[in-house]
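In what follows, a structure is listed as structure tokens, so that the remarks can point back to it.
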Amino acid sequence: MTFLLANGPALLPSSEALGGLVALLGVMAALASLGAALRVAAGGDDALACADLVVGWAAAVLVLVLGGALFGLALTPLALGLAGAALASAVLLFHRRVMPMGDGLGWGLLLLTPVLLVTASLFPSESDDFGTWLPNLRYLALFDHFPGAGLPVSDSQFPGYPPAGTLIGYLTGRAGGLLAETALCRFNLVLLLALALLMLDTARIAAASSGRTIGAPATALALAAATLASPTFVPRLVLANYAETATAVTLAFAAVLGLRLVIRSPRPGWGLALQTTLAFALLVLTKQSTLALFVLLTVGLTGLAFGAGGLRRPLRLLPPVLAALAALLLWKHQVAVLGGGEMQIGAFDRWQWEILPEILDSMLTVAGNKLGYFGLSAVLVGTGLAALRRRPDPALAILPLYAVLFLGFTLFLAWIYLAVFFGYEGRSAASFWRYNTQLGAVQLVALAALAGAAWQHGHAHPLAHRLFAITATVAMVGLILGPVVAVRNLRFDLNPVKAHIAFSVKEARTLLPPDARIWYVDPPRIGLANQIDYDLGFGPQVAGTISYFEPESTYHSLLEDGRAAFAYVLNASPALEAAVGLALPEGASYLIARNAPGQWHQVRAWPYRDFTSARAIKY
1 MTFLLANGPA LLPSSEALGG LVALLGVMAA LASLGAALRV AAGGDDALAC ADLVVGWAAA
61 VLVLVLGGAL FGLALTPLAL GLAGAALASA VLLFHRRVMP MGDGLGWGLL LLTPVLLVTA
121 SLFPSESDDF GTWLPNLRYL ALFDHFPGAG LPVSDSQFPG YPPAGTLIGY LTGRAGGLLA
181 ETALCRFNLV LLLALALLML DTARIAAASS GRTIGAPATA LALAAATLAS PTFVPRLVLA
241 NYAETATAVT LAFAAVLGLR LVIRSPRPGW GLALQTTLAF ALLVLTKQST LALFVLLTVG
301 LTGLAFGAGG LRRPLRLLPP VLAALAALLL WKHQVAVLGG GEMQIGAFDR WQWEILPEIL
361 DSMLTVAGNK LGYFGLSAVL VGTGLAALRR RPDPALAILP LYAVLFLGFT LFLAWIYLAV
421 FFGYEGRSAA SFWRYNTQLG AVQLVALAAL AGAAWQHGHA HPLAHRLFAI TATVAMVGLI
481 LGPVVAVRNL RFDLNPVKAH IAFSVKEART LLPPDARIWY VDPPRIGLAN QIDYDLGFGP
541 QVAGTISYFE PESTYHSLLE DGRAAFAYVL NASPALEAAV GLALPEGASY LIARNAPGQW
601 HQVRAWPYRD FTSARAIKY
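Its first residue numbered 1, the sequence shown is counted upward by one per residue in our numbering.
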């Protein structure tokens with residue numbers, strides 16, 4: 001997928017990757033146009049232009065879920081209808097002289113180009129991608145329907161996970177005629193550009209500045225803060241199919257739009273009401289756990305609305321809340337059709353109260369290791385709680401709202417480790433940091449509000465303008481050169497072991513009969529069984545996994561299992577060689593097969609390149 005320059009990844013994408021990038025940008029332009037047209041048609045000066053992409057995405061997701069999940073329609077006709085609506089939207093915007101997403105978009109895309117190009121040739125490499133998100137995408141691409149009656153059973157670990165991000169890959173694949181396995185990675189980057197524009201708008205309001213055109217320096221500063229300099233910019237999360245970035249940005253827009261609706265706008269326009277409604281509906285369709293964020297957001301906004309003006313203001317939240325509940329019930333209908341497919345809450349008598357001290361200790365340990373994010377959170381929570389003693393400035397209302405979200409979500413995660421994640425995952429507070437990144441975008445918006453307020457008080461000082469010029473210049477240089485300098489961090493997928501598996505397993509697939517099942521023999525549980533299963537094609541392929549550090553008796557499973565007559569051996573061992581009666585020299589992976597009498601033979605070997613042991617893999 002990539003050329004090599006000086007033993008490193010090339011900075012320019014292959015023609016195939018460039019085609020996929022162009023297809024994705026076309027989809028995003030269509031979604032932004034659709035969102036802008038809805039804003040213009042609904043009217044109102046208080047609507048947010050920078051929300052166009054998120055709003056258009058929300059509208060598209062609702063159309064596809066309504067038609068595909070509730071009525072069982074094929075997705076392609078629905079996608080074509082959305083394409084026609086986007087084209088009509090573009091014509092409307094051209095005649096109205098309206099630019100989707102408002103000021104700053106051009107500079108933002110220009111400054112985002114280096115990281116888009118450097119990451120354009122990314123290939124899938126993360127375990128959860130292979131286990132859930134990519135099988136969900138491949139199912140839509142293969143069958144053009146959500147899983148249901150009369151259709152093949154999904155091979156995803158969690159086919160009932162909400163589909164908002166997956167549908168971006170589906171639409172990109174239909175636009176480009178490919179399986180867009182990494183479309184969401186670049187979509188996440190453009191979502192962070194939308195977040196940067198939201199931060200600028202928030203800072204400008206807090207600074208009580210005029211609505212001047214957003215220039216390159218301000219755009220660079222906000223975009224750098226939202227990407228490379230953000231405490232929650234984790235390449236393995238942003239540049240993968242994980243739903244954290246999409247959830248974080250959607251939550252930030254839902255929060256800001258909700259605050260505008262219930263506090264800042266004396267008489268909200270229809271455009272703002274529509275944007276808020278669609279953002280709320282999208283939030284519950286990005287990830288299963290966003291139900292908790294939706295509840296916390298609703299509680300926080302309701303409390304702030306009561307403080308700002310009695311009962312009438314909270315009633316403005318009724319349409320967004322009802323829309324979110326309707327979207328949630330709509331998807332739960334699809335989950336019911338599947339008979340499950342989501343994470344399950346354990347019965348009350350299984351809750352792990354006895355390990356609660358260990359859970360809390362693990363959460364504190366993670367927080368101590370991520371002081372950048374959690375330290376800022378502590379400051380913002382303290383500031384937000386202090387603001388609740390008095391009626392908060394509407395421009396700074398995001399601070400108490402962030403306090404509600406952070407404290408409430410922390411309690412929710414502690415409960416998750418009690419009632420959902422059992423055993424080691426509960427004790428270790430698995431993915432506590434990853435889940436917290438879902439609040440990262442709201443944290444940045446809150447910091448932008450504080451920065452705007454500080455600018456309002458200190459902008460007259462010459463030092464303030466000099467400091468702004470210096471930091472904006474550093475940000476611009478960082479956005480241009482940072483992706484080149486940090487290419488090894490951004491291109492975490494360029495792991496030779498994973499690349500070897502991707503090549504060899506796809507070739508092994510051509511040597512296997514239809515519906516074949518295989519065993520996978522790996523180093524000490526390095527966690528690549530999901531990749532093996534996915535790369536072998538649609539359907540469950542891996543019969544079982546054996547680590548060569550396990551006792552020799554473990555190989556009896558492989559020898560006696562009548563379901564699987566094949567094994568893919570990533571790393572051999574003396575115990576395995578003795579069990580199968582084959583010499584499998586170190587330095588290669590192997591496909592071996594068992595014949596009718598039960599004897600094993602080698603089908604193909606793939607010598608290693610650029611590494612000597614598969615144990616060298618690092619997550």
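Backbone N, C-alpha and C fix where the C-beta goes; we use that ideal spot for every residue, glycine too.
Just so it is clear, the structure is predicted and the values come from calculations on it, not from any experiment.
Would you kindly check if the distance between the Cβ of residue j and the Cβ of residue i is under 8 Å?
| i | j | result |
| --- | --- | --- |
| Thr232 | Thr437 | yes |
| Leu167 | Val61 | yes |
| Leu490 | Val118 | yes |
| Ala324 | Leu360 | no |
| Ala279 | Val484 | no |
| Pro320 | Gly258 | yes |
| Ala30 | Leu93 | no |
| Gly169 | Leu184 | yes |
| Ala49 | Gly102 | yes |
| Val603 | Leu511 | yes |
| Val262 | Ala308 | yes |
| Gln599 | Phe130 | no |
| Leu223 | Leu111 | yes |
| Leu189 | Val115 | yes |
Apply the 10 Å Cβ neighbour rule to residue i and answer buried if 16 or more other Cβ atoms are within range, or exposed otherwise.
| i | result |
| --- | --- |
| Gln443 | buried |
| Ser154 | buried |
| Lys498 | buried |
| Ala51 | buried |
| Ala583 | exposed |
| Thr2 | Residue confidence for Thr2 is low, a pLDDT of 37 falling below 50, so the modelled location carries little weight and cannot support an answer. |
| Lys506 | exposed |
| His500 | buried |
| Ser289 | buried |
| Pro152 | exposed |
| Ala149 | exposed |
| Tyr424 | exposed |
| Phe306 | exposed |
| Asn136 | buried |
| Arg39 | buried |
| Leu200 | buried |
Grab the span of the beta strand (DSSP E) containing residue i for me, first residue to last.
| i | result |
| --- | --- |
| Phe566 | 566–569 |
| Gln602 | 600–607 |
| Arg594 | 588–594 |
| Ser547 | 542–547 |
Using the C-alpha atoms, what's the distance from residue j back to residue i?
| i | j | result |
| --- | --- | --- |
| Ala578 | Ser125 | 32 Å |
| Gly81 | Phe294 | 29 Å |
| Pro147 | Pro163 | 12 Å |
| His457 | Leu191 | 31 Å |
| Gly384 | Thr245 | 24 Å |
| Gln157 | Leu134 | 10 Å |
| Ala469 | Trp606 | 55 Å |
| Ser362 | Ala240 | 26 Å |
| Ala194 | Trp433 | 23 Å |
| Asp533 | Ala516 | 11 Å |
| His145 | Val542 | 25 Å |
| Ala208 | Ala397 | 15 Å |
| Thr554 | Ser573 | 13 Å |
| Ala575 | Pro585 | 13 Å |
| Gly372 | Gly408 | 20 Å |
| Tyr109 | Leu356 | The identity of residue 109 in the sequence shown is Leu, whereas the question assumes Tyr. Roughly 46 Å separates the two Cα atoms. |
| Trp519 | Thr298 | 48 Å |
Which residues bound the alpha helix (DSSP H) around residue i?
| i | result |
| --- | --- |
| Ala194 | 183–206 |
| Asp361 | 356–369 |
| Ile518 | Premise fails: Ile518 lies in the beta strand (DSSP E), 518–522, not in any alpha helix (DSSP H). |
| Gly478 | 462–485 |
| Thr277 | 270–283 |
| Ser504 | 496–509 |
| Ala86 | 75–96 |
| His333 | 318–338 |
| Pro114 | 105–118 |
Say whether the segment 218–230 touches the segment 263–281, bearing in mind that this needs 3 or more beta-carbon pairs closer than 8 Å, one atom from each stretch.
Segments in contact, no.
Within 8 Å, do at least three Cβ pairs link the segment 245–265 to the segment 449–459?
The segment 449–459, when compared against the segment 245–265, does not touch it at the 8 Å Cβ threshold.
Stretch-stretch touch, CB-based, cutoff 8 Å, three pairs: the segment 298–316 with the segment 352–360
Counting Cβ pairs under 8 Å, fewer than three are found: no touch.
Taking contact to mean 3 or more Cβ pairs, one atom from each stretch, closer than 8 Å, check whether the segment 56–76 and the segment 11–18 are in contact.
Output reads no: the segment 11–18 does not touch the segment 56–76.
Sufficient close CB pairs (3 or more, under 8 Å) joining the segment 323–336 to the segment 392–402
The segment 323–336 is not in contact with the segment 392–402.
Assess, as a yes-or-no matter, whether the segment 22–33 is touched by the segment 70–80 under the definition of 3 or more beta carbon pairs within less than 8 Å.
Verdict: no, contact absent.
Report yes or no: do three or more beta-carbon pairs, one from the segment 538–547 and one from the segment 464–477, lie closer than 8 Å?
These segments do not touch.
Does the segment 560–571 come close enough to the segment 586–594 that 3 or more CB-CB pairs lie under 8 Å?
Yes, the segment 586–594 is in contact with the segment 560–571.
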